[in-house]
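Read top to bottom, the protein sequences are chains A, B and C.
3 is the number of the first residue of the first sequence in this note's numbering; add one for each residue after it.
3 is the number of the first residue of the second sequence in this note's numbering; add one for each residue after it.
3 is the number of the first residue of the third sequence in this note's numbering; add one for each residue after it.
Backbone N, C-alpha and C define an ideal beta-carbon position, used for all residues, glycine too.
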Amino acid sequence: MRHLLKRSSPPIITLTTDFGLRDAYVAEMKGCILSHCPTAVLVDISHEIPAGDIQEGAFVLARAAASFPPETVHLAVVDPGVGGTRRALAAESTRFRAVGPDNGLLAPLLDAARVVALEDGPQGGQPAATFHGRDLFAPAAARLARGDDLESLGSLVQGALVPVPAATSLAILHVDHFGNCVTNIDPRQVPTGGRWQVLAGGRSLSLRVRTYSDAPAGKPVLILGSDGRMEIALRDGHAATALNLARGDRLEVIQQDPKPPRREKDS
Amino acid sequence: MRHLLKRSSPPIITLTTDFGLRDAYVAEMKGCILSHCPTAVLVDISHEIPAGDIQEGAFVLARAAASFPPETVHLAVVDPGVGGTRRALAAESTRFRAVGPDNGLLAPLLDAARVVALEDGPQGGQPAATFHGRDLFAPAAARLARGDDLESLGSLVQGALVPVPAATSLAILHVDHFGNCVTNIDPRQVPTGGRWQVLAGGRSLSLRVRTYSDAPAGKPVLILGSDGRMEIALRDGHAATALNLARGDRLEVIQQDPKPPRREKDS
Amino acid sequence: MRHLLKRSSPPIITLTTDFGLRDAYVAEMKGCILSHCPTAVLVDISHEIPAGDIQEGAFVLARAAASFPPETVHLAVVDPGVGGTRRALAAESTRFRAVGPDNGLLAPLLDAARVVALEDGPQGGQPAATFHGRDLFAPAAARLARGDDLESLGSLVQGALVPVPAATSLAILHVDHFGNCVTNIDPRQVPTGGRWQVLAGGRSLSLRVRTYSDAPAGKPVLILGSDGRMEIALRDGHAATALNLARGDRLEVIQQDPKPPRREKDS
């Protein structure tokens, strides 16, 4: 199998949750993982996903996962439906391995993946109804990481999986720690030096720069982010606060005629 | 010795402090540990224990420690008395190993443990009067983790240790990141489908459900948490905020006669 | 080479950034490091450096680095000039190895260090203009950690490096999580039992104690911190809030005549 080719590297498991860092919850998952796979290298992606915010969790996880080796196991738990009827998944493709609830959280990682529905109680007991992260998902991630076959964790899922809720129009997908607003604007629609306007929160932006330090002070700009998406940024400032923008806000791109006919003077 | 049986697994050291994550303090402890025990696997439990809050630290540590292998060393520093007369401890039982101040923080882990009082300066020097976490506790944890005998760290303590302050009546023990209020209500006092009332912050709760997703929207419920304690929860909401509850708040359980005589109508 | 002497210990890489923990950014750097150096032990120093605050980043990094083994690689990214003309550095001395921007952030670690300017694209491609942390610095840190020669990362820098902005007068250098105010007051100027006054925010302090628990309740004191600097502290309280002090605030030390002539009675 693919992930056995690098047998000399310790297995990596990442963790993405909405658990925060005040409680014992994240550590309980880690203790459980290390009990099953003592050589695992544990890497936190984020535990500050807003409570129950599957869309944000999927966004952050997908972005981070792209920088990890393909044999990494991504364990993600943003799971408002825990204990209910939603399925619990483990999955494997040539690019990712992942474990978590079937609620859209893992969806960006599941292209062309084989997916199994986890059976309850991989530790031999019933998982707590309220903490599948520790009792169901963590042991499954540890078993994948230590080399167990995917199919040993459950039965292959044939039907459709729950997709991640996706923006259906131009919008702000994510506001980062610095206030940069990540958008789904196609970079080709806003070429450097082109004649276009981006309308965002009542403001009009018309300048694209290559780096934050190229931006004029005080003027919000478009910039190509490091994940290939266009961002709205403000040099030395917090764009989202300054422009009063939030995740989900609609955007508009207006293409301007490169040589406007100026017929108004003819009339 | 017990912890030498698993010699092939790297030693685990957990860290629980009230240091926060803005300063260098946690990293200083880790650098010190890795200097003494380069193969240690370091796992953060929490560094967001409120400053000086021994009771909360003991609660979070005890809960997390239950999920780790027994040879794990739990290093905990919530230590308002640092540099004063409180003793510094290292301890070992069949279930836990632990290092920290003798102020109640470690108390839940010390049942049937052998305990030693750390001698100053395991590095050969005097520890800084203000940072025993780095200068006294971290080296001791590293030495335990790498296999040094407990007795090599200090002299066995014979007398009583400082207990953790415990709630003497029904109360909220902990409010978690999601707003769930962990209580010390005996689960048998509030059976599913039973006739009881829990009084909390002027509200009366009378419904127990198995999972968060079983709860009716907007109605606070009792639920059995994943550590075996009863919690007050609110589906898709923050119970503590909605019910104006905080740690330490008193609770009351009223058992109702399963077949009330309804004498009021007789009178 | 020095760092090859301890070949049996896994290499340590620390991370210090202003990225926060909500986004994928820190994890992207870690995924990149582990792709290049799978055995690296990753230790977070802090990701809560205020955005773009080079001085604070340099303070926290320098303090933490002092507790790590000298072969540790310290990767630091507080980099408001990313993508601009500032140089990207890797450095090595007998006490530290470090990777980051040439903006003062690494300056406290660079005494007597050999320093190279990183060439773009150590992965074979152009780094993203906005995320050198992931695309330029992380691979360089991983290569140093796995044993690559410093000179293989770029050309030796001959000229001066950007210094860290330093306080030119007595001031508060840092306010920590507990509200302790770290100062640059020389400990010899405020001896225990001496006759001096420290003026801070309109208040006068005149007591130095050895430990927090030696301080009288409610009375702000001077205390020798665990990094050798004098701190203003308040037992069981938050000194910065109580005294309305912030980083950068000026301080004054007034030495008092040990035997004041008391001429006022003579006049």
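(message) If the criterion is Cβ atoms closer than 7 Å, does the pair A:ILE15 and A:ALA147 meet it?
(response) Position 13 of the first sequence holds residue 15 of chain A. Position 145 of the first sequence holds residue 147 of chain A. Contact: yes.
(request) Find the residues of chain C that neighbour A:ALA66, judging by a C-beta separation of less than 7 Å, and give them in chain order. (result) Walking along the first sequence from the start, residue 66 of chain A turns up at place 64. Those are ALA26, ALA29, GLU30 and GLY33, listed as they occur along chain C.
(message) Below 8 Å, how does it come out for the segment 30–38 of chain C and the segment 133–153 of chain C: are there three or more Cβ pairs, yes or no?
(response) yes
(request) Say whether chain A places a C-beta atom closer than 7 Å to the C-beta of C:ALA131. (result) If you number the third sequence from 1, residue 131 of chain C lands on position 129. Closer than 7 Å to some Cβ of chain A, the Cβ of C:ALA131 qualifies, so yes.
(message) If you measure between the beta carbons of C:LEU201 and C:VAL223, is that distance less than 7 Å?
(response) Within the third sequence, residue 201 of chain C is the residue found at index 199, counting from 1. Within the third sequence, residue 223 of chain C is the residue found at index 221, counting from 1. Not closer than 7 Å, so no.
(request) From the DSSP output, in three-state form, read off A:CYS34 for me. (result) Numbered from 1 along the first sequence, position 32 holds the residue referred to as residue 34 of chain A. Looking at A:CYS34 - three-state DSSP - the assignment turns out to be helix.
(request) Could you tell me how far apart the beta carbons of C:ARG65 and C:ALA93 are, in whole angstroms, since I believe they sit closer than 8 Å? (result) Indexing the third sequence from 1 puts residue 65 of chain C at position 63. Indexing the third sequence from 1 puts residue 93 of chain C at position 91. With a Cβ gap of about 18 Å, C:ARG65 and C:ALA93 do not count as contacting.
(request) Show which residues of chain B have a CB atom less than 7 Å away from the CB atom of A:ALA53. (result) Residue mapping note: residue 53 of chain A aligns to position 51 of the first sequence, counting from 1. Neighbours of A:ALA53 on chain B, chain order: PHE180.
(message) Please identify the residue among A:ILE56, A:THR170, A:LEU172 and A:VAL255 whose C-alpha is closest to the C-alpha of A:LEU207.
(response) In the first sequence, residue 207 of chain A corresponds to position 205, counting from 1. Nearest C-alpha to A:LEU207: A:VAL255.
(message) Cβ closer than 9 Å: which chain C residues qualify as neighbours of B:PRO189?
(response) The count along the second sequence starts at 1 and reaches residue 189 of chain B at position 187. Result: empty, since nearest Cβ-Cβ is about 35 Å, beyond 9 Å.
(message) Strictly below 7 Å CB to CB, what residues from chain C border B:PHE21?
(response) Here residue 21 of chain B is taken as the residue at index 19 of the second sequence, counted from 1. The contacting residues are HIS179.
(request) Could you name the residues of the same chain whose beta carbon sits closer than 7 Å to that of A:PRO129, not counting the 5 residues immediately before and after it, in chain order? (result) Along the first sequence, one-based indexing puts residue 129 of chain A at 127. Taken in chain order, the residues that qualify are ASP122, GLY123, ASP137 and LEU138.
(message) Looking only at its chain, what residues have a beta carbon closer than 7 Å to the beta carbon of A:GLY22, apart from the 5 residues adjacent to it on each side?
(response) Taking the first residue of the first sequence as 1, we reach residue 22 of chain A at position 20. Taken in chain order, the residues that qualify are HIS49 and GLU50.
(message) Please give me, in chain order, every unbroken run of the beta strand (DSSP E) with length at least 3 that falls completely inside the segment 12–70 of chain C.
(response) 14–19 and 43–48
(request) Starting from C:ALA241, trace the alpha helix (DSSP H) both ways and give me its first and last residue. (result) Indexing the third sequence from 1 puts residue 241 of chain C at position 239. Where C:ALA241 is concerned, the enclosing alpha helix (DSSP H) stretches over 241–245.
(request) Closer than 8 Å by beta-carbon distance: list the chain C residues that pair up with A:ASP238, in chain order. (result) By one-based count along the first sequence, residue 238 of chain A stands at place 236. In chain order: GLY54 and PRO82.
(request) Check whether the Cβ of B:PRO13 lies closer than 7 Å to any Cβ atom in chain C. (result) Here the question's residue 13 of chain B lines up with position 11 in the second sequence. Taking Cβ atoms only, chain C never reaches closer than 7 Å to B:PRO13, which makes this a no.
(message) With a threshold of 7 Å between beta carbons, is C:PHE98 in contact with chain B?
(response) To locate residue 98 of chain C, count along the third sequence from 1; it is residue 96. C:PHE98 does not count as touching chain B.
(request) Under 7 Å Cβ to Cβ from A:PHE61, same chain only, skipping five residues before and after it: list those, please. (result) Walking along the first sequence from the start, residue 61 of chain A turns up at place 59. Cβ neighbours of A:PHE61 beyond the five flanking positions: LEU175 and HIS176.
(request) Please list, in chain order, all residues of the same chain as C:GLU30 whose beta carbon is under 6 Å from its beta carbon, the five residues on each side excluded. (result) Here residue 30 of chain C refers to the residue found at position 28 when the third sequence is read from its first residue. Once the five neighbours on either side are set aside, the close Cβ partners of C:GLU30 are ARG136.
(message) Rounding to the nearest angstrom, what Cα-Cα distance links A:LEU152 and A:VAL45 in this structure?
(response) Counted from its first residue, the first sequence places residue 152 of chain A at position 150. Counted from its first residue, the first sequence places residue 45 of chain A at position 43. Their backbone Cα atoms lie some 21 Å apart in a straight line.
(request) Using the DSSP secondary-structure output, state which residues sit across from A:HIS76 in a beta bridge. (result) Locating residue 76 of chain A in the first sequence gives position 74, counting from the first residue. In the DSSP output, where bridge partners are listed per residue, A:HIS76 has A:THR16 and A:ALA100.
(message) Using DSSP's beta-bridge definition, name the partner residues of A:SER157.
(response) Along the first sequence, read from residue 1 onward, the residue named residue 157 of chain A stands at position 155. The partner list for A:SER157 (beta bridge, DSSP) reads A:ALA119.
(message) If you follow the beta strand (DSSP E) that A:LEU253 is in, where does it begin and where does it stop?
(response) Taking the first sequence and counting its residues from 1, the one referred to as residue 253 of chain A is at position 251. 253–257 is the span of the beta strand (DSSP E), which, as asked, contains A:LEU253.
(message) If I follow the unbroken alpha helix (DSSP H) through B:ALA140, where does it start and stop?
(response) Numbered from its first residue, the second sequence carries residue 140 of chain B at position 138. First-last of the alpha helix (DSSP H) with B:ALA140: 140–148.
(message) Please tell me whether B:SER37 has its Cβ less than 7 Å away from any Cβ of chain C.
(response) Here residue 37 of chain B corresponds to residue number 35 of the second sequence, with the count starting at 1. Taking Cβ atoms only, chain C reaches closer than 7 Å to B:SER37, which makes this a yes.
(request) Look up B:GLN128 in the DSSP assignment and say whether it is helix, strand or coil. (result) Locating residue 128 of chain B in the second sequence gives position 126, where the first residue counts as 1. DSSP places B:GLN128 in coil when its eight states are reduced to three.
(message) Taking only three categories from DSSP, how would you classify B:LEU152?
(response) Position 150 of the second sequence, counted from the start, is the residue given in the question as residue 152 of chain B. In this structure, B:LEU152 counts as helix in the three-state DSSP scheme.
(request) Could you give the DSSP three-state label for B:ALA109: helix, strand or coil? (result) Counted from its first residue, the second sequence places residue 109 of chain B at position 107. Helix.
(message) Classify A:GLN160: buried if its beta carbon has 16 or more other beta carbons within 10 angstroms, exposed otherwise.
(response) Indexing the first sequence from 1 puts residue 160 of chain A at position 158. So A:GLN160 counts as exposed.
(message) If you reduce the DSSP assignment to three classes, tell me which class C:LYS8 lands in.
(response) Counting from one through the third sequence, the residue named residue 8 of chain C turns up at place 6. For C:LYS8, the pLDDT reaches just 48, beneath the cut-off of 50, and the residue's location in the model is therefore unreliable, leaving the point undetermined.
(message) Just to check my reading of the structure: B:ALA248 and B:ALA242 have Cβ atoms closer than 8 Å, yes? What is that Cβ distance to the nearest angstrom?
(response) Working through the second sequence from its first residue, we reach residue 248 of chain B at position 246. Working through the second sequence from its first residue, we reach residue 242 of chain B at position 240. Indeed they touch by this definition, with Cβ atoms about 7 Å apart.
(message) For a contact defined as C-beta to C-beta under 7 Å, what are the partners of B:GLU50 on chain A?
(response) The count along the second sequence starts at 1 and reaches residue 50 of chain B at position 48. The answer, in chain order, is LEU23 and ARG24.
(message) Quick check: C:GLY54 and C:PRO82, are their CB atoms within less than 7 Å of each other?
(response) Here residue 54 of chain C is taken as the residue at index 52 of the third sequence, counted from 1. Here residue 82 of chain C is taken as the residue at index 80 of the third sequence, counted from 1. Yes, these two residues count as a Cβ contact at 7 Å.
(request) Can you tell me which of C:VAL79, C:LEU120 and C:PHE70 puts its alpha carbon nearest to the alpha carbon of C:ARG97? (result) As a first step, residue 97 of chain C must be located in the third sequence, where it is residue number 95. Looking at the Cα atoms, C:PHE70 is the closest of the given residues.
(request) Please name the residue in C:SER11, C:ALA144 and C:GLU58 whose C-alpha comes closest to that of B:ARG24. (result) Locating residue 24 of chain B in the second sequence gives position 22, where the first residue counts as 1. Among C:SER11, C:ALA144 and C:GLU58, the Cα nearest to that of B:ARG24 belongs to C:GLU58.
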